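Chains as they are written, first to last, in this note's numbering: chain A, 17 to 286; chain B, 17 to 286; chain C, 17 to 286.
Read the structure below first, then the notes.
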Amino acid sequence: MSPANMAAQAGQDLALIRQRKPLVHNITNLVVMNFTANALLAAGASPVMAHAHEEVEEMVSLAGALVLNIGTLTPHWVQSMEIAGRKANQLKIPVILDPVGAGATRLRTQSALRLLEQVKISVVRGNASEVLSLARSGGGTKGVDSIHGVDEAVEAAGVLARELGTVIAITGQRDLVTDGQNLWRVANGHVLMSYVTGMGCAATAMMGAFLAVQPDPVAAAVGGLCFLGLAGQRAAQASRGPGSFRAAFTDELMAVKPEELTAGALIETS
Amino acid sequence: MSPANMAAQAGQDLALIRQRKPLVHNITNLVVMNFTANALLAAGASPVMAHAHEEVEEMVSLAGALVLNIGTLTPHWVQSMEIAGRKANQLKIPVILDPVGAGATRLRTQSALRLLEQVKISVVRGNASEVLSLARSGGGTKGVDSIHGVDEAVEAAGVLARELGTVIAITGQRDLVTDGQNLWRVANGHVLMSYVTGMGCAATAMMGAFLAVQPDPVAAAVGGLCFLGLAGQRAAQASRGPGSFRAAFTDELMAVKPEELTAGALIETS
Amino acid sequence: MSPANMAAQAGQDLALIRQRKPLVHNITNLVVMNFTANALLAAGASPVMAHAHEEVEEMVSLAGALVLNIGTLTPHWVQSMEIAGRKANQLKIPVILDPVGAGATRLRTQSALRLLEQVKISVVRGNASEVLSLARSGGGTKGVDSIHGVDEAVEAAGVLARELGTVIAITGQRDLVTDGQNLWRVANGHVLMSYVTGMGCAATAMMGAFLAVQPDPVAAAVGGLCFLGLAGQRAAQASRGPGSFRAAFTDELMAVKPEELTAGALIETS
């Protein structure tokens with residue numbers, strides 16, 4: 017797809033989200049639950065948070081997408097993610113993973129890798145260091161240990177995408193999305209986004225909403241990132257700092273129109 | 017009570033909340049804890065969240081009301097609710113239940129029903145589908161399976177209220193409160209409230225604050241709903257979307273004066 | 017240190033926080049996690065929340081300070097705090113404790129005392145009643161049972177500080193900091209701060225950020241309190257209530273410059 021087609025698709029997908037209001041099932045961290053739910057709701061989706069082993073299979077069966085996020089993981093919560101993830105796989109419901117803090121502790125790295133083994137994941141979204149740590153720890157990916165910059169993260173993302181058969185999205189100043197073959201860059205966004213806790217987690221959840229209406233995970237990842245970033249750009253104009261920005265950002269998630277998303281999406285291939 | 021008397025009572029109860037600052041003990045979900053606490057605090061009450069089995073009996077003993085909410089339930093958390101609820105019953109402290117997601121999974125429906133069996137609940141607040149699912153699953157309430165609209169939810173609410181001996185409040189575009197005999201409708205509110213996560217949970221908690229000063233559960237439920245809805249109406253005037261609305265709403269919970277609540281309450285009987 | 021030197025130090029420490037972006041590891045309560053993380057991030061620090069027994073030792077090893085807060089404690093979470101706290105002690109990473117609700121239930125009082133026994137704490141921050149309950153329950157501190165006012169809390173704080181060899185900070189209309197020998201008072205702040213849930217917890221976390229760059233716990237506690245209070249004063253000017261205040265407060269945590277903190281700090285000795 018050309019960048020222009022991708023942008024058109026993003027707008028159409030946003031219209032579908034608002035029309036269908038897909039249920040997005042989140043098993044996520046304690047810090048961002050409220051912000052994630054408000055972001056999804058403002059965008060037009062229907063968020064639900066549920067993590068009890070006894071109910072996650074039933075809940076995910078009702079959902080259009082499953083969002084897994086290990087930000088405040090425990091082994092018990094990771095089990096919930098596995099149970100829900102396997103059920104989602106059975107039902108062909110797309111699953112997206114946010115490996116928060118992978119590389120910081122062994123529990124995080126190993127839990128993310130375990131989820132990637134146990135569950136077929138459509139998209140993994142992380143920052144450069146998280147993606148690097150997954151590539152590094154995955155075994156067999158020689159040389160990854162010496163990687164420290166953005167360009168090397170691009171390469172690691174490509175390797176990881178091919179090995180796992182998943183789409184990798186790396187968010188930063190300019191976001192990257194790759195399926196291991198092609199590479200897309202999204203330049204939407206604003207620096208104030210990095211001063212709001214859970215903005216990366218919101219990006220993951222928003223991609224989940226796009227996955228619920230868009231079967232191509234590359235298009236869903238790119239669309240979600242453009243949408244979030246455009247809302248951030250618009251919100252920044254009326255903000256004095258991260259507190260007022262956060263409120264304005266949530267306003268914009270509701271205000272951005274599908275045609276505005278198509279017009280404002282900053283997508284490049286490389 | 018006439019609607020005018022009910023409105024006068026709501027204003028008096030709000031004044032009492034601000035004077036007495038009742039402790040409201042919440043065992044609630046992980047998504048809304050912060051918003052619930054801020055809403056109660058802005059209104060003038062003293063929120064506390066505590067769920068450890070080891071302390072809930074002691075904590076609820078200090079409280080003016082107990083708020084139970086199964087939004088991110090696990091069996092362990094439901095046990096906390098039972099322990100606290102039974103103690104509250106012993107001490108004649110009013111208990112209010114929010115059966116979030118009842119009907120979506122068996123765990124939610126059964127946990128809500130179990131709490132209704134184990135604990136004497138003064139008010140149950142839910143949306144139409146939650147109340148319908150409780151009525152449907154309660155056994156013996158034939159025909160409820162075919163119910164899908166608002167009017168049928170009204171009927172189910174009445175049946176449930178009589179069977180359980182509790183007040184049922186259904187929130188939606190126009191809220192309903194019934195004790196199984198009489199029916200009250202509250203027209204306060206604004207559509208932006210449905211775009212803020214946890215607004216229903218805040219309604220439940222606010223009714224809890226009113227229950228802490230008002231022994232009649234119908235008056236407490238109606239008063240809490242009028243207050244929340246009026247704050248929402250006022251907040252909407254200065255808002256550009258759900259983010260700025262949420263901040264303005266919290267402002268209004270502090271700003272609304274008792275006499276303004278009495279004047280602004282939109283209550284009907286039917 | 018003279019008040020003027022203390023104010024100069026606070027400004028320098030704020031500059032260091034923004035330069036070094038220290039990782040602040042929080043094991044805190046479910047209500048305030050999001051607000052705490054946003055406050056630390058806006059101030060310039062790097063917050064992380066992690067509580068799994070399996071990872072807290074590794075996580076705290078990466079941190080500049082450890083913040084323990086028992087606001088929604090369970091025995092399992094208190095164990096996490098002990099594990100992380102002991103590791104922090106081994107590595108000479110400063111630990112700060114917020115004994116939320118000590119005195120309200122035995123679990124809270126005993127857990128706070130247990131943490132004070134098991135872990136060397138640099139600063140304890142609470143309100144007057146929490147500090148009084150710790151002094152009262154600590155045993156051997158005769159007469160503390162009769163203490164009810166602010167002046168008596170000052171005395172209890174001094175006794176507790178000497179017994180435990182820690183700095184005690186009591187926040188209220190005018191904050192107090194004592195190491196058991198000297199007493200500092202901080203007059204920064206605004207009454208709206210008491211209408212935002214988790215403001216005390218944010219104070220504790222912010223002192224944690226200062227402790228990460230400032231080895232003297234008295235200077236760190238005073239600096240953190242001045243900074244938070246000044247942000248509150250500035251935010252109140254543009255606020256209509258606790259909702260808009262909360263957003264403006266977060267804005268100010270990013271906006272306050274080191275030299276403004278030094279100029280605006282209201283510190284007295286007594």
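For every residue, glycine included, the Cβ atom is placed at its ideal position computed from N, Cα and C.
Source: prediction; values computed, not measured.
Hey, could you find the ends of the beta strand (DSSP E) residue 121 (chain A) is sitting in? On the first sequence, residue 121 (chain A) is found 105 positions in, with the first residue counted as 1. That residue, residue 121 (chain A), is in no beta strand (DSSP E); it is neither H nor E in DSSP.
Where residue 110 (chain B) sits in the DSSP three-state scheme: Mapped onto the second sequence, residue 110 (chain B) falls at position 94. In the structure shown, residue 110 (chain B) sits in coil (DSSP, three-state: anything other than H, G, I, E or B).
Span of the alpha helix (DSSP H) holding residue 36 (chain A)? Within the first sequence, residue 36 (chain A) is the residue found at index 20, counting from 1. Segment 19-36, the alpha helix (DSSP H) holding residue 36 (chain A).
Residue-level contact to chain C via CB, residue 133 (chain B), 9 Å cutoff: Taking the second sequence and counting its residues from 1, one reaches residue 133 (chain B) at position 117. Taking Cβ atoms only, chain C never reaches closer than 9 Å to residue 133 (chain B), which makes this a no.
Can you tell me whether residue 104 (chain B) is buried or exposed, with buried defined as 16 or more other CB within 10 angstroms of its CB? Here the question's residue 104 (chain B) lines up with position 88 in the second sequence. Buried, because 16 or more other Cβ atoms sit within 10 Å of the Cβ of residue 104 (chain B).
Give me the subset of the region 201-213 of chain B whose CB atoms are less than 7 Å from a CB atom of chain A, sorted by chain position. 211, 212, 213: these are the residues of the region 201-213 of chain B whose beta carbon lies less than 7 Å from some beta carbon of chain A, given in chain order.
Does the distance from the C-beta atom of residue 68 (chain C) to that of residue 123 (chain A) stay below 9 Å? Translated into positions along the third sequence, residue 68 (chain C) becomes position 52. Translated into positions along the first sequence, residue 123 (chain A) becomes position 107. Residue 68 (chain C) is a Cβ neighbour of residue 123 (chain A), given a cutoff of 9 Å.
Taking 9 Å as the CB-CB limit, is residue 115 (chain B) close to chain C? Along the second sequence, one-based indexing puts residue 115 (chain B) at 99. Proximity of residue 115 (chain B) to chain C, defined by a Cβ-Cβ separation below 9 Å, is not satisfied.
Do we get a CB-CB distance below 9 Å when we pair residue 259 (chain A) with the residues of chain C? Sequence index remark: in the first sequence, residue 259 (chain A) carries index 243 (1-based). True, the Cβ-Cβ gap to chain C drops below 9 Å.
Can you pull the chain C neighbours of residue 3 (chain A), defined as C-beta to C-beta under 7 Å? Only positions 17 to 286 of chain A appear in the structure, and residue 3 (chain A) is not among them; the question remains open.
List the DSSP bridge partners of residue 185 (chain C). Here the question's residue 185 (chain C) lines up with position 169 in the third sequence. The partner list for residue 185 (chain C) (beta bridge, DSSP) reads C:141, C:193.
So if I threshold CB-CB distances at 9 Å, which residues from the region 30-52 of chain A count as touching chain C? If the cut-off is 9 Å between Cβ atoms, the region 30-52 of chain A has 45, 46, 47, 48, 49, 50, 51 near chain C.
With DSSP collapsed to three states, give me the class of residue 90 (chain A). Indexing the first sequence from 1 puts residue 90 (chain A) at position 74. Coil.
Work out the CA separation of residue 277 (chain A) and residue 234 (chain B) for me, nearest whole Å. To locate residue 234 (chain B), count along the second sequence from 1; it is residue 218. To locate residue 277 (chain A), count along the first sequence from 1; it is residue 261. Pairing residue 234 (chain B) with residue 277 (chain A), the inter-Cα distance amounts to about 47 Å.
Throw me the rounded Cβ distance for the residue 241 (chain C) and residue 202 (chain C) pair, which I believe falls under 8 Å. Against the third sequence, residue 241 (chain C) aligns to sequence position 225. Against the third sequence, residue 202 (chain C) aligns to sequence position 186. That belief holds up - the Cβ atoms of residue 241 (chain C) and residue 202 (chain C) are roughly 4 Å apart, short of 8 Å.
Closest by C-alpha distance to residue 224 (chain B), when choosing among B:100, B:92, B:80, B:216: Here the question's residue 224 (chain B) lines up with position 208 in the second sequence. For the set B:100, B:92, B:80, B:216, the Cα lying nearest the Cα of residue 224 (chain B) is the one of B:80.
State the start and end residues of the unbroken alpha helix (DSSP H) segment that holds residue 233 (chain A). On the first sequence, residue 233 (chain A) is found 217 positions in, with the first residue counted as 1. Residue range 233-252 is occupied by the alpha helix (DSSP H) that includes residue 233 (chain A).
Measuring only the C-alpha atoms, how far is residue 164 (chain C) from residue 281 (chain C)? On the third sequence, position 148 is the one that residue 164 (chain C) refers to. On the third sequence, position 265 is the one that residue 281 (chain C) refers to. A caution first: residue 164 (chain C) carries a pLDDT of 47, below 50, which makes its placement in the model too unreliable to give a value.
Starting from residue 233 (chain C), find everything on chain B with Cβ-Cβ shorter than 9 Å and list it in chain order. Start at 1 with the first residue of the third sequence, and residue 233 (chain C) comes out as number 217. Here the premise fails: no neighbours, minimum Cβ distance about 29 Å.
With a threshold of 9 Å between beta-carbons, can residue 265 (chain A) be considered close to chain B, or not? The residue labelled residue 265 (chain A) in the question sits at position 249 within the first sequence. So, interface residue.
Where residue 210 (chain B) sits in the DSSP three-state scheme: Your numbering for residue 210 (chain B) matches position 194 in the second sequence. Helix.
Where residue 286 (chain B) falls, given that 16 or more other Cβ within 10 Å makes a residue buried: Looking up residue 286 (chain B) in the second sequence gives position 270. Residue 286 (chain B) is exposed by the Cβ-count criterion.
Terminal residues of the alpha helix (DSSP H) in which residue 72 (chain A) lies: Position 56 of the first sequence holds residue 72 (chain A). 72-77 is the span of the alpha helix (DSSP H), which, as asked, contains residue 72 (chain A).
Name the chain B residues that come within less than 8 Å of residue 274 (chain A), Cβ to Cβ? Translated into positions along the first sequence, residue 274 (chain A) becomes position 258. By Cβ distance, chain B contributes nothing, its closest Cβ being about 16 Å from residue 274 (chain A), past 8 Å.
Coil, strand or helix - residue 45 (chain C) by DSSP: Position 29 of the third sequence holds residue 45 (chain C). The answer is coil: DSSP assigns residue 45 (chain C) none of H, G, I, E or B.
Is the distance from the Cβ of residue 205 (chain A) to the Cβ of residue 244 (chain A) below 9 Å? As a working mapping, residue 205 (chain A) is identified with position 189 in the first sequence. As a working mapping, residue 244 (chain A) is identified with position 228 in the first sequence. Going by C-beta atoms, residue 205 (chain A) is nearer than 9 Å to residue 244 (chain A).
Give the DSSP-derived three-state secondary structure of residue 157 (chain B) in the structure shown. Locating residue 157 (chain B) in the second sequence gives position 141, counting from the first residue. Because residue 157 (chain B) sits at a pLDDT of 40, beneath the cut-off of 50, its placement in the model cannot be relied upon, and the following sentence gives the value as read from the coordinates. Secondary structure at residue 157 (chain B): coil, using DSSP grouped into helix, strand and coil.
Checking the sheet assignment: what are the DSSP bridge partners for residue 284 (chain B)? Taking the first residue of the second sequence as 1, we reach residue 284 (chain B) at position 268. The partner list for residue 284 (chain B) (beta bridge, DSSP) reads B:201.
Enclosing beta strand (DSSP E) for residue 63 (chain C) [first to last residue]: As a first step, residue 63 (chain C) must be located in the third sequence, where it is residue number 47. Membership of residue 63 (chain C) in the beta strand (DSSP E) is indicated by the continuous run 62-65.
Name the residue from C:145, C:116, C:120 whose alpha carbon lies nearest to the alpha carbon of residue 131 (chain C). Position 115 of the third sequence, counting from 1, holds the residue named residue 131 (chain C). Residue 131 (chain C) has its Cα closest to that of C:116, out of C:145, C:116, C:120.
Using a Cβ-Cβ cut-off of 6 Å (strictly less than) and excluding sequence neighbours within five positions of residue 171 (chain C), which residues of its own chain qualify? Position 155 of the third sequence, counting from 1, holds the residue named residue 171 (chain C). If we look at residue 171 (chain C) and ignore the five residues flanking it on each side, it has no Cβ neighbours.
Near residue 258 (chain A), which residues of its chain fall below 8 Å by C-beta distance, leaving aside the five closest residues on each side in sequence? To locate residue 258 (chain A), count along the first sequence from 1; it is residue 242. Taken in chain order, the residues that qualify are 208, 211, 212.
Going by DSSP in three states, residue 81 (chain C) sits in which element: helix, strand or coil? As a first step, residue 81 (chain C) must be located in the third sequence, where it is residue number 65. Residue 81 (chain C) falls in the strand class under three-state DSSP.
Sorted by chain position, which residues of the same chain lie with C-beta nearer than 6 Å to residue 156 (chain C)'s C-beta, five sequence neighbours on each side aside? Position 140 of the third sequence, counted from the start, is the residue given in the question as residue 156 (chain C). Its pLDDT being 39, under 50, residue 156 (chain C) is placed unreliably in this model, and the coordinates cannot settle the point.
Assess, as a yes-or-no matter, whether the region 70-80 of chain C is touched by the region 96-115 of chain A under the definition of 3 or more beta carbon pairs within less than 8 Å. No: fewer than three Cβ pairs fall under 8 Å.
Using a Cβ-Cβ distance cut-off of 9 Å, determine whether residue 63 (chain A) contacts chain C. As a first step, residue 63 (chain A) must be located in the first sequence, where it is residue number 47. No, residue 63 (chain A) does not count as interfacial toward chain C.
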